[in-house]
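The structure appears right after this line, and notes come after that.
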Amino acid sequence: MYGFEMGPIRPPSEANSILLRVTRNCPWNKCEFCGVYKGEKFSIRSVEEVKRDIDVMKAHGLTSNSAFLQDANSIIMKPEQLAEILVYFRERFPEVERVTTYARADTLSRITPENMKLLKESGLDRVHSGYETGSDTILKMIRKGTTRDQQVRGGLKVKEAGMELSMYFMPGVGGRDLSEENSRETAGVINEVDPDFVRLRTFVAKPGTPMGEKVEAGDFVPCTDEEKVAEIRRMLEQVEGCSGMLVSDHIVNLLEDVRGSLKTQKEEMIRKIRDFEEMDPFEKRRYQAARRMGFIRRPEDMNRLPEDLSAQITGIVRKFETAEQWEDFLNYFLERYI
Ligand code: SF4
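When you number the sequence shown by the working numbering, it's gap-free, plus one each residue, and the end is 827.
Structure representation (structure tokens):
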């Protein structure tokens, strides 16, 4: 329609970025929680084709101070080809200050330091990587196809090349059985890599994905909404000596204002979680319902709810008799956000 290709997703932080598709779909495509590219074949676009897209974007007058390379693991492209695209794009869009991409940890761990440096010098500034968890047991269970060792080596390489690393953590992805392990091992990876950003993506078992089917079959016991928040607290409690930012930039996160500097605001973030955990149980549910229905972002916002809406929420919360019904209600909304 526009004369250039566009992939299906980008990180929320790239909402205003120019989206440049250099590869199509995901070369791995086996993560059990992910349905984004299921049934789609991975391919690498030719340099000429991508350059044509860049020219068309320019002709359309597209402009932004940032750009994002699509799709799921574009860094798998030959480094010299990706570098050529980056240089061409930078020449055509000199106003762009930041170019970022998604990259899988296994690919990052295999790229040579020289090639990583080449990509940085050609104009790549930040890598977003879905680490999800630092636990090898959970990585295997969700078929992520990466290891903790690759996460550490790949992440350090990104930083050594002078790029920013944005890693994603999924509270709850190991289920109740591996909840402690998820916090502990993820904190371990954060401590070793010290990423610039740790982005929270609360895990939701989406129906239709293998993880969703495991929940249906009773083979995976999901964490409750509260247990997922406790994982974030425990992860924070075990993070030491890091200087990056914890970022909460997705509506699936229950407490959106648990974010800040891991260096200077760690205690403040832990306190916010504890404040939630210590809330009166009924008020806590009222908050969860209001948040999951998309009305508010943090517990303080409850005071700003219009009276009639607040009363409706109270009525809704009173309807649920069992913990299972309650979680089903919350998940009904969560599944719509992913
Ligand atoms: S989560 Fe990322 S790496 Fe895994 S299948 Fe989905 S797009 Fe591919």
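Backbone N, C-alpha and C fix where the C-beta goes; we use that ideal spot for every residue, glycine too. Given the structure is predicted, the values throughout are model-derived calculations rather than measurements.
| Check | Outcome |
| --- | --- |
| Secondary structure of residue 576, DSSP reduced to three states | helix |
| Residue 717 burial status per 10 Å Cβ neighbour count (16 or more: buried) | buried |
| Beta carbon proximity, residue 802 to chain C, threshold 8 Å | The chain inventory of the structure shown lacks chain C, comprising one protein chain alone. |
| Runs of alpha helix (DSSP H) wholly within the segment 538-613 (minimum 4 residues, chain order) | 568-581, 594-599 and 602-611 |
| Nearest-angstrom beta carbon gap, residue 580 and residue 542 [assumed within contact, 8 Å] | Residue 542 to residue 580, Cβ: 15 Å. No contact. |
| Contacts around residue 692, its chain only, beta-carbon distance under 6 Å, and the 5 residues preceding and following it disregarded | 659, 661 and 662 |
| Residue 507: first and last residue of the uninterrupted alpha helix (DSSP H) it sits in | Element bounds for residue 507: not the alpha helix (DSSP H) but the beta strand (DSSP E), 507-510. |
| Nearest residue (CA-CA) to residue 619, options 654, 670 and 613 | 654 |
| Near the ligand SF4: residue 671 beta-carbon under 7 Å from a heavy atom | no |
| Candidates 574, 642, 749 and 769: closest to residue 540 by CA position | 574 |
| Cβ-based burial, residue 684 [other Cβ within 10 Å; buried from 16] | buried |
| Separation of residue 751 from residue 723, as counted between CA atoms | 13 Å |
| Proximity to residue 589 [Cα-Cα], best of 728, 502, 567 and 633 | 502 |
| Reference residue 604, options 568, 518 and 756, closest by Cα | 568 |
| Through-space distance from residue 504 to residue 554, alpha-carbon basis | 12 Å |
| Reference residue 644, options 629, 680 and 527, closest by Cα | 680 |
| Identified DSSP bridge partners for residue 686 | 655 and 734 |
| With 16 other Cβ atoms within 10 Å as the buried cut-off, status of residue 728 | buried |
| Any non-hydrogen atom of the ligand SF4 closer than 7 Å to residue 820 Cβ | no |
| Closest residue to residue 813 among 657, 552, 745 and 712 (Cα-Cα distance) | 712 |
| Rounded C-alpha distance that separates residue 641 from residue 596 | 12 Å |
| The segment 776-785 contacting the segment 667-682, beta-carbon criterion three pairs below 8 Å | no |
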